[in-house]
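Residue numbers (this note's numbering): 205 to 815.
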Ligand SMILES: Cc1cc2nc3c(=O)[nH]c(=O)nc-3n(C[C@H](O)[C@H](O)[C@H](O)COP(=O)(O)OP(=O)(O)OC[C@H]3O[C@@H](n4cnc5c(N)ncnc54)[C@H](O)[C@@H]3O)c2cc1C
């Protein structure tokens with residue numbers, strides 16, 4: 205919708221100047237903000253929802269750190285598991301840094317006030333999660349630190365409260381629209397105050413994107429409805445790339461027909477998956493680790509059982525997660541949130557009956573490419589393997605970023621870790637950079653910022669005081685547009701993919717692109733106009749869908765969460781590389797080498813995965 209209004213007069217802007225702008229108040233944004241604000245920086249934290257509604261609040265199972273509180277552990281084993289789990293696409297220096305930092309960062313969270321569940325001896329409680337091992341792939345490790353099954357809720361609220369105490373300036377319910385660049389440096393952004401419909405221009409030395417995931421491109425997903433990939437689309441519109449966008453994790457246990465997550469903690473505590481014959485079928489797919497195999501393996505196993513007619517229920521279209529053999533008290537104490545979700549959305553009490561489940565899109569492994577310091581990376585030349593360098597003034601952290609610790613598949617408990625480790629690392633880098641910044645490198649003064657015409661046109665489209673109804677027979681809406689996009693991606697680019705179905709989706713996305721230009725808007729209000737916000741979100745979702753589709757078509761192998769029926773094997777010879785997707789000035793792909801060498805320990809060469 206935004207491009208079709210030909211009004212290039214810039215609406216009035218409220219102007220702000222801060223040291224650092226952070227877009228996104230989930231775990232990643234809040235962790236970075238805290239570090240910067242405590243160091244004396246002027247920080248503006250912009251969020252399209254009230255901070256504690258960010259998707260981090262929904263994280264259930266926990267955060268990984270080799271604390272060794274229950275059984276022996278070692279961060280090298282954590283690193284090995286993460287590299288293997290990533291199907292060797294993860295950058296080993298980034299994984300090394302994250303796993304090494306994990307024990308310190310979790311204890312730091314504890315000191316901030318996160319109320320971790322405790323063992324009898326007072327230490328932090330840990331549970332086993334999928335893909336975790338002791339002694340480099342031997343016995344199951346117990347590495348996931350948890351606050352019952354509400355770990356994200358506890359972390360988010362604690363970080364929010366610490367930011368309030370530190371005095372971080374929070375712009376709640378502000379929708380960030382686009383980045384402003386001058387001389388190839390990011391100098392600020394334009395945002396909409398949702399409550400009033402007024403526009404704001406924020407200027408800063410550094411802009412940090414922490415806008416979370418985009419699971420809303422799929423029909424069945426575990427994500428909050430706000431997870432629409434806004435930061436990713438902002439980066440694409442600025443002519444910068446996204447990386448590894450073909451890799452989407454389908455969580456094996458979403459509530460069947462609904463999508464909400466039943467955490468891996470349920471299997472960590474002893475839950476068993478059963479097919480329609482009552483068989484614990486994971487033994488056939490992963491004889492050693494069974495139900496705690498990594499998520500891509502379990503999701504494909506479930507999809508295969510259903511596909512081969514061994515599903516549950518009258519239509520044999522789901523699988524059951526059986527907790528009925530567990531102690532009722534354990535379920536009440538360790539899995540209260542899961543029991544509540546099951547009771548609310550299916551009416552089933554897992555103490556007495558199995559929960560119907562189906563794989564549900566959960567997590568985006570790809571995102572905005574960054575280095576270890578959170579600096580956004582781009583390629584300066586447009587050949588197939590262009591030179592990579594940081595974009596001045598721009599950082600990305602959390603799920604929207606791809607520092608590449610998850611590669612082709614994320615292990616459970618590693619995202620909460622990623623967001624706090626790299627949230628802090630990016631903040632530290634900004635502090636070092638700005639301390640040494642010379643006056644000549646400073647961005648233009650507040651009054652000098654020029655808003656590009658493309659952004660002005662999009663602002664004007666929102667501002668239009670008349671509803672856009674185009675033609676009487678156009679019954680389209682933001683709701684049907686989004687649903688159609690989700691259906692296309694679910695059908696053509698889901699758990700299993702092949703060339704024919706993928707290529708067929710190209711013309712369907714192109715049709716949506718046309719529909720977007722004349723998408724009718726019915727609500728003329730300026731204040732709290734959520735329909736127009738959703739129109740921007742639809743545009744962002746479509747950009748993310750293109751990145752996903754084109755990358756999935758190009759990668760002619762199966763690796764991690766990217767399972768091609770027509771190319772079932774991993775092909776390290778051709779495809780042990782990252783894929784970069786650019787949407788502007790033209791749609792194209794490029795490649796970037798995988799970092800296969802950690803900094804301090806020996807590299808882990810690719811081996812075939814055996815479960
Ligand atoms: C149901 C569920 C359970 C999970 N459980 C676990 C778990 O147990 N362990 C684990 O490690 N991981 C888990 N994950 C993954 C993990 O929770 C997320 O990857 C992580 O919390 C993302 O944090 P974030 O800070 O990057 O983004 P989010 O928490 O999603 O925050 C994004 C922020 O960006 C803001 N934003 C977005 N767009 C705009 C815009 N245009 N303008 C202004 N603001 C904007 C939002 O308002 C929000 O504040 C789970 C995920 C889900 C969905």
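For every residue, glycine included, the Cβ atom is placed at its ideal position computed from N, Cα and C.
Is the number of C-beta pairs between the segment 521–534 and the segment 543–555 that are closer than 8 Å three or more?
yes
Nearest CA to the CA of residue 437: which residue from 454, 429, 451, 417?
417
Following the continuous alpha helix (DSSP H) through residue 248, name the residue where it begins and the one where it ends.
Looking at the DSSP string, residue 248 is not in any alpha helix (DSSP H); the run it does join, the beta strand (DSSP E), is 247–251.
Distance, residue 496 Cα to residue 413 Cα
33 Å
Below 8 Å, how does it come out for the segment 262–280 and the segment 340–349: are there three or more Cβ pairs, yes or no?
yes
Shorter than 7 Å, the distance from the beta carbon of residue 252 to the closest heavy atom of ligand 1, or not?
yes
Between the CA atoms of residue 783 and residue 570 - distance to the nearest angstrom:
9 Å
Output the boundary residues of the alpha helix (DSSP H) element that contains residue 456.
Where residue 456 is concerned, there is no enclosing alpha helix (DSSP H), although the beta strand (DSSP E) it sits in stretches over 452–459.
For residue 267, is the beta carbon positioned less than 7 Å from some heavy atom of ligand 1?
yes
The alpha helix (DSSP H) spanning residue 778 covers which residue range?
Here the alpha helix (DSSP H) through residue 778 covers 776–779.
Skipping 5 residues on each side, what residues in its chain have a beta carbon closer than 8 Å to that of residue 575?
581, 594, 607
Just verifying my parser: in three-state terms, what is the DSSP assignment at residue 822?
Given a span of 205 to 815 for the chain in the structure shown, any question on residue 822 remains unanswerable.
Return yes when at least one heavy atom of ligand 1 lies under 7 Å from the C-beta of residue 341, else no.
no
Just the Cα atoms here: how many angstroms apart are residue 345 and residue 338?
Going from the Cα of residue 345 to the Cα of residue 338 covers about 5 Å.
Does the Cβ of residue 644 have 16 or more other Cβ atoms within 10 Å, making it buried, or fewer, making it exposed?
Note that residue 644 has pLDDT 46, beneath the 50 cutoff, so the model's placement of it is unreliable and the number below is only indicative. By the neighbour-count rule (16 or more Cβ atoms within 10 Å), residue 644 is not buried but exposed.
Which value, in whole angstroms, describes the spacing of the CA atoms of residue 494 and residue 510?
18 Å
If we ignore side chains and look at the alpha-carbon of each, how far apart do residue 254 and residue 735 end up?
Roughly 18 Å separates the two Cα atoms.
Own chain, CB closer than 8 Å to residue 297, minus 5 neighbours either side, in chain order
576, 799, 801, 802, 803
Which whole runs of the beta strand (DSSP E) in the segment 323–378 are 3 residues long or more, in chain order?
You should have 373–376.
Residues bridged to residue 526 [DSSP beta-bridge criterion]
In the DSSP output, where bridge partners are listed per residue, residue 526 has 476.
Should residue 606 be counted as a contact of ligand 1 given a C-beta to heavy atom distance under 7 Å?
With a threshold of 7 Å, the Cβ atom of residue 606 does not count as near ligand 1, since no heavy atom of the ligand is closer than that.
Expressed to the nearest angstrom, what Euclidean distance is found between the alpha-carbon atoms of residue 319 and residue 699?
36 Å
Close Cβ partners of residue 449 (< 6 Å) along its chain, the five nearest in sequence each way excluded
570, 751, 752, 755, 785
Considering only their Cβ atoms, is the gap separating residue 597 from residue 236 smaller than 8 Å?
no
Enumerate in chain order the residues of its own chain whose CB-to-CB distance from residue 780 is below 6 Å, with the five nearest sequence positions on each side excluded.
798
Using the Cα positions of residue 390 and residue 535, report the straight-line distance between them to the nearest angstrom.
49 Å
Tell me whether residue 773 is buried or exposed, calling it buried when 16 or more other Cβ atoms sit within 10 Å of its Cβ.
exposed
For residue 655, the three-state DSSP class (helix, strand or coil)
coil
Can you tell me whether DSSP reads residue 600 as helix, strand or coil?
strand
So which of 604, 328, 502, 610 has the shortest CA-CA distance to residue 290?
610
What do you reckon, is the C-beta of residue 434 under 7 Å from a heavy atom of ligand 2?
This structure lacks ligand 2; the ligands present are ligand 1.
In chain order, what residues of the same chain lie with their CB nearer than 6 Å to the CB of residue 647, ignoring the 5 residues before and after it?
Any reading at residue 647 must be qualified, since the residue scores a pLDDT of 47, below 50, and its modelled position is unreliable; no value is offered.
Checking the sheet assignment: what are the DSSP bridge partners for residue 425?
565
Check whether the Cβ atoms of residue 539 and residue 353 sit closer than 8 Å, and answer yes or no.
In this structure, residue 353 lies closer than 8 Å to residue 539 by Cβ.
Any 3 or more C-beta pairs closer than 8 Å across the segment 356–366 and the segment 231–247:
yes
To test your reading of the DSSP string, which unbroken beta strand (DSSP E) runs of 3 or more residues are found completely within the segment 744–793?
781–786
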